[in-house]
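Line order of the protein sequences matches chains A and B.
The numbers in this note's numbering rise by one with no breaks, and the one at position 42 of the first sequence is 42.
Numbers given in this note's numbering equal positions in the second sequence, counted from 1, plus 100.
Cβ coordinates follow ideal geometry from the N, Cα and C atoms, glycine included.
For reference, the structure is listed below as structure tokens.
2 protein chains.
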Amino acid sequence: MVDVFRALDDETRRIVLDELSVRDGQTLFEICSMLAIRHGLSLTRQAISQHLGVLESAGLVVTERRGRSKFHYFNPEPLSGITGRWPSRKRTEK
Amino acid sequence: MVDVFRALDDETRRIVLDELSVRDGQTLFEICSMLAIRHGLSLTRQAISQHLGVLESAGLVVTERRGRSKFHYFNPEPLSGITGRWPSRKRTEK
DNA sequence: TTGATATGCAAGCAGTTACTTGCCTATAGT
DNA sequence: ACTATAGGCAAGTAACTGCTTGCATATCAA
Numbered sequence: 001m002v003d004v005f006r007a008l009d010d011e012t013r014r015i016v017l018d019e020l021s022v023r024d025g026q027t028l029f030e031i032c033s034m035l036a037i038r039h040g041l042s043l044t045r046q047a048i049s050q051h052l053g054v055l056e057s058a059g060l061v062v063t064e065r066r067g068r069s070k071f072h073y074f075n076p077e078p079l080s081g082i083t084g085r086w087p088s089r090k091r092t093e094k
Numbered sequence: 101m102v103d104v105f106r107a108l109d110d111e112t113r114r115i116v117l118d119e120l121s122v123r124d125g126q127t128l129f130e131i132c133s134m135l136a137i138r139h140g141l142s143l144t145r146q147a148i149s150q151h152l153g154v155l156e157s158a159g160l161v162v163t164e165r166r167g168r169s170k171f172h173y174f175n176p177e178p179l180s181g182i183t184g185r186w187p188s189r190k191r192t193e194k
């Protein structure tokens, strides 16, 4: 089980979340193409697969397997634990 | 300049933010005592000083030096960049 | 079945991180 | 001036992280 904070401590993983938040439900190969073409990241498929594993372990990505493809979906719910830990006191609070 | 995500990827640093959000403006030695007594963390002063340096470099802590003491204040503003990057789509959005 | 596609597992390597140890600077009190 | 207090700098080390390479598994199409 990976911590949400650690999962977010990597620009590649953050970009993956960016991409999934734009187009959800992509496969590993689609994500590889996205990162290579649109972000100039020349990583191997395995490297990206490991990143997806970290994101999934942190609950930020949920997957669904159909046939030989695995679809990845962005789950923003764990992000609430971050700002929820240090609730920024509103100035309207007397 | 340290990334906010990296600064948060450490439980000790997160606890420091917890402590400062409860009692702001503590010195290095006060923070050391807090971590040791209330959290059972037996770290050296230098280790905690380095953590404070990371937090300050990320903008999460601002400091003010008076005499031989340095006071540390929690600045939650950089946290807005985290949830701001992946705005959780509200369900009221059609 | 044969071959191509989509993904998984695991070992190894280089760079980074957290922590310690040792020494140094600066301020305050006597 | 001397001592204690509060903090800073830097090198070294053990553990971890991101990435690659190589091989294996599973699904689909012919």
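Check, Outcome
"Over the uninterrupted beta strand (DSSP E) stretch that includes glutamate 11(A), give me the two end residues.", "Glutamate 11(A) -> not in any beta strand (DSSP E); alpha helix (DSSP H) instead, spanning 11 to 22."
"Taking only beta-carbon positions, decide if tryptophan 86(A) is within less than 8 Å of chain B.", "yes"
"With DSSP as the reference, please indicate the residues paired to threonine 163(B) in a beta bridge.", "His172(B)"
"Check whether the Cβ of serine 149(B) lies closer than 8 Å to any Cβ atom in chain A.", "no"
"Taking 8 Å as the cut-off, decide whether the C-beta atoms of alanine 107(B) and leucine 141(B) are in contact.", "no"
"For leucine 58(A), count the other beta carbons within 10 Å of its own beta carbon; 16 or more makes it buried, fewer makes it exposed. Which is it?", "First, the amino acid is wrong: residue 58(A) is alanine here, not leucine. Buried, by the Cβ-count rule."
"Does the distance from the CB of isoleucine 37(A) to the CB of isoleucine 48(A) come in under 8 Å?", "no"
"For aspartate 124(B), count neighbouring C-beta atoms within 10 Å of its own C-beta (all shown protein chains included) and say buried if the count is 16 or more, exposed if not.", "exposed"
"What residues from the region 13 to 34 of chain A come within 9 Å of chain B, judged by C-beta to C-beta, listed N to C?", "Arg14, Leu17, Asp18, Ser21"
"Per DSSP, what are the beta-bridge partners of glutamine 126(B) in this structure?", "His172(B)"
"Is there a Cβ of chain A sitting closer than 8 Å to that of phenylalanine 171(B), yes or no?", "no"
"Show which residues of chain B have a CB atom less than 9 Å away from the CB atom of leucine 52(A).", "Within chain B, no residue comes near leucine 52(A); the closest Cβ sits about 16 Å away, beyond 9 Å."
"Around the Cβ of phenylalanine 105(B), are there at least 16 other Cβ atoms within 10 angstroms (buried) or fewer (exposed)?", "buried"
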